[in-house]
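What follows is a single structure, written as structure tokens, with notes after it.
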Amino acid sequence: MSRKDVLNNLFTSKLGAPNRADAPARRAGHEPVRSGAVSAVSSVLSVMADDAKAANELRDLIKAGTTVIEIEPGLVDGSAIADRLPTPKDPKFDALVESMRAHGQKVPILVRPHPTTAGRYQIAYGRRRLRGAANLGAKVKALVLELTDEELVIAQGLENGPRADLSWIEKALYARRLEDAGHDRSTIMAALSTDKADLSRYISIARMIPVTLIEAIGPAPKAGRPRWAALAERLEKPAAQVAAGQVLERPEFQDADSDARFAMVFEALRAAPARRRGTVSVWHNPNGKKAARIERANGRTTILFEEKHVPEFAAFLEDRLDELYREFANQKEEGRTDDKT
């Protein structure tokens, strides 16, 4: 299904009588400022050669009777689930602000009345334009529609997915956050315009990498799935996790752009010291079955029981740990006493 078809399906039930977009604003206690007649908005579309799809979608909404209004940016809240990662350097956003300064806002944003706070709105589509208007101290042109949480998520995804505005890791983290928030996978697939296999890969890799590390690196648009998958695999080693944390503290990391940050972490993990090998022994039960594996490494000892060969034995040991330790300590003390005599 094309992006335009999805938008049509999403908004068909929302576009009833003309000028319906005014109603939520008036209920909220803020009389919106009209941005002009439909003909004025349509004239803006003629200069939108750089975004023909957006122009067609907006024209369809206008024909259906939707009205463009103007809202103070401070009255628009972000969605509950962020899809973009912050980046210290964003030349595209700077260019957008300059374009808005010179030519005005070409395409309206999409908002819904805030579900819990009267007089406010929640954005579904057009975050960069909202930020740009705020930076310029201008009101933002917007379409106001009643949207469910699922429709908000789908609209939010449609803004980015088909135009590849989101990097691979932003899509992956967004998918993970949507699932954590309780959205089913069919909704997430619609939001990201993806299939089951890709969605599983997005969520799987996003769960393997600490969110704090992803946020520190940023969107890293040049790094695709293979590189992030390789990074996730390297992070399975404890030594690699320590190395990654050390990279984040470097001054040059803070000054670098997102792609350079990813490269710095990736290279540091490539050179991360290998985990020191320890010793491994096996304990067999009286029947000769392999019942436990004892691993000693890096000052730690791990005992892994084969429950099918020694059922409930691990629980038995756990219940007697205090008693066994007292017995061990007494024997050590007796040994020291014997050495002195």
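In this text, residue positions in the sequence shown follow the UniProt record's numbering: the first is 1, and each later residue adds one.
Every residue, glycine too, gets a C-beta built ideally from N, C-alpha and C.
Given the structure is predicted, the values throughout are model-derived calculations rather than measurements.
Next on the checklist: Which same chain residues end up closer than 7 Å to I188 when comparing Cβ atoms and leaving out the 5 residues on each side of it in sequence?
Outcome noted: Once the five neighbours on either side are set aside, the close Cβ partners of I188 are A175, L178, E179, L199.
Item to check | Rounded separation between D184 and D259 - CA only | outcome: Going from the Cα of D184 to the Cα of D259 covers about 31 Å.
Next on the checklist: Residues in the same chain with beta-carbon distance under 7 Å from I217, minus the five sequence neighbours each way, listed in chain order, please.
Outcome noted: These residues qualify, in order along the chain: S258, R261, F262, V265.
Next on the checklist: Applying the 10 Å Cβ sphere with the 16-neighbour rule, what's the burial state of G132?
Outcome noted: Around the beta carbon of G132, a 10 Å sphere encloses 16 or more other beta carbons of the protein chains shown; the residue is thus reported as buried.
Item to check | Outcome for V153 when other beta-carbon atoms lying within 10 angstroms are tallied against a minimum of 16 | outcome: By the 10 Å Cβ count, V153 comes out buried.
Checklist entry - What whole-angstrom Cβ distance do residue 349 and E72 have, given they're in contact under 8 Å? => result The chain is shown only over 1 to 341; residue 349 falls outside these bounds and no answer can be derived.
Next on the checklist: According to DSSP, is A239 part of a helix, a strand, or is it coil?
Outcome noted: Helix, per DSSP.
Next on the checklist: Per DSSP, what are the beta-bridge partners of I71 in this structure?
Outcome noted: Beta bridge pairing from DSSP links I71 with V140.
Item to check | Sequence-distant residues of its chain with Cβ nearer than 6 Å to V310 (five each side left out) | outcome: The beta carbon of V310 sits closer than 6 Å to those of N285, A291, all from its chain and outside the five residues before and after it, given in chain order.
Next on the checklist: Quick check on this structure: which residue in E323, A239, E267 has the alpha carbon closest to the alpha carbon of R227?
Outcome noted: R227 has its Cα closest to that of E267, out of E323, A239, E267.
Next on the checklist: Which of the three DSSP states is assigned to E323 in this structure?
Outcome noted: Reduced to three states, the DSSP call for E323 is helix.
Item to check | Distance, P251 Cα to G278 Cα | outcome: Computed Cα separation, rounded: 36 Å.
Next on the checklist: Tell me which residue opens and which closes the alpha helix (DSSP H) that K196 is part of.
Outcome noted: In the DSSP annotation of this structure, the continuous segment of the alpha helix (DSSP H) that includes K196 starts and ends at 196-208.
Checklist entry - Mind checking K196: buried by the 16 CB within 10 Å criterion, or exposed? => result Counting Cβ neighbours within 10 Å, K196 comes out exposed, since fewer than 16 surround it.
Item to check | Assumed close pair S191, G245 - CB separation to whole angstroms, cut-off 8 Å | outcome: The sequence given here places Ala at residue 191; Ser does not occur at that position. That belief does not hold up - the Cβ atoms of A191 and G245 are roughly 32 Å apart, past 8 Å.
Item to check | Boundaries of the beta strand (DSSP E) in which E146 is found, first to last residue | outcome: Here E146 belongs to no beta strand (DSSP E), and DSSP marks it neither H nor E.
Next on the checklist: So, with DSSP's three-state summary, where would you put Q105?
Outcome noted: Coil, per DSSP.
Checklist entry - So A95 and Y125 are in contact, right, with Cβ under 8 Å, and what is the actual spacing, rounded? => result Not confirmed; about 20 Å, so no contact.
Item to check | Cβ-based burial, R129 [other Cβ within 10 Å; buried from 16] | outcome: Counting Cβ neighbours within 10 Å, R129 comes out buried, since at least 16 surround it.
Next on the checklist: Taking the alpha carbon of W283 as the reference point, which residue from F305, T117, N298, L166 has its own alpha carbon closest?
Outcome noted: The shortest CA-to-CA distance from W283 to any of F305, T117, N298, L166 is the one to F305.
Item to check | Contact belief for L173 with A206 at Cβ below 8 Å, rounded distance in angstroms | outcome: The beta-carbon distance between L173 and A206, rounded to whole angstroms, is 5 Å. This is short enough to meet the 8 Å contact definition.
Next on the checklist: Taking only three categories from DSSP, how would you classify V247?
Outcome noted: V247: helix per DSSP, three-state reduction.
Next on the checklist: For L136 and R101, which I take to be in contact (beta-carbon distance under 8 Å), what is that distance rounded to the nearest angstrom?
Outcome noted: With a Cβ gap of about 6 Å, L136 and R101 count as contacting.
Next on the checklist: For E334, count the other beta carbons within 10 Å of its own beta carbon; 16 or more makes it buried, fewer makes it exposed. Which is it?
Outcome noted: E334 should be labelled exposed.
Next on the checklist: Do R120 and L75 count as a contact pair if the criterion is CB distance below 7 Å?
Outcome noted: One thing to note: L75 has its Cβ within 7 Å of the Cβ of R120.
Next on the checklist: What does DSSP give as the partner residue(s) for H183 in the beta ladder?
Outcome noted: Paired residues: none, contrary to the question.
Item to check | As assigned by DSSP and simplified to three states, the class of T301 | outcome: If DSSP states are grouped into helix, strand and coil, T301 belongs with the strands.
Next on the checklist: Tell me which residue opens and which closes the beta strand (DSSP E) that S258 is part of.
Outcome noted: It is not in any beta strand (DSSP E) - S258 instead sits in the alpha helix (DSSP H) that spans 258-270.
Next on the checklist: Excluding the 5 residues flanking R20 on each side, which residues of the same chain have their C-beta closer than 6 Å to its C-beta?
Outcome noted: Confidence is the limiting factor: at R20 the pLDDT is only 38, short of 50, which leaves the residue's position unreliable, though a coordinate-based value still follows. Within the same chain, R20 has no close Cβ partners at all.
Checklist entry - Can you pull the DSSP bridge partners for W283? => result Paired residues: A292.
Checklist entry - For the candidate residues E307, A142, E215, whose alpha-carbon lies nearest to that of A82? => result Comparing alpha-carbon positions, the option among E307, A142, E215 lying closest to A82 turns out to be E215.
Next on the checklist: Is it buried or exposed, I303, if we count other Cβ atoms within 10 angstroms and call 16 or more buried?
Outcome noted: Exposed, because fewer than 16 other Cβ atoms sit within 10 Å of the Cβ of I303.
Item to check | Whole-Å CB distance - G78 paired with I109, under 8 Å assumed | outcome: Taking a contact as a CB-CB distance under 8 Å, the pair G78 and I109 does not count as one, their CB atoms being some 12 Å apart.
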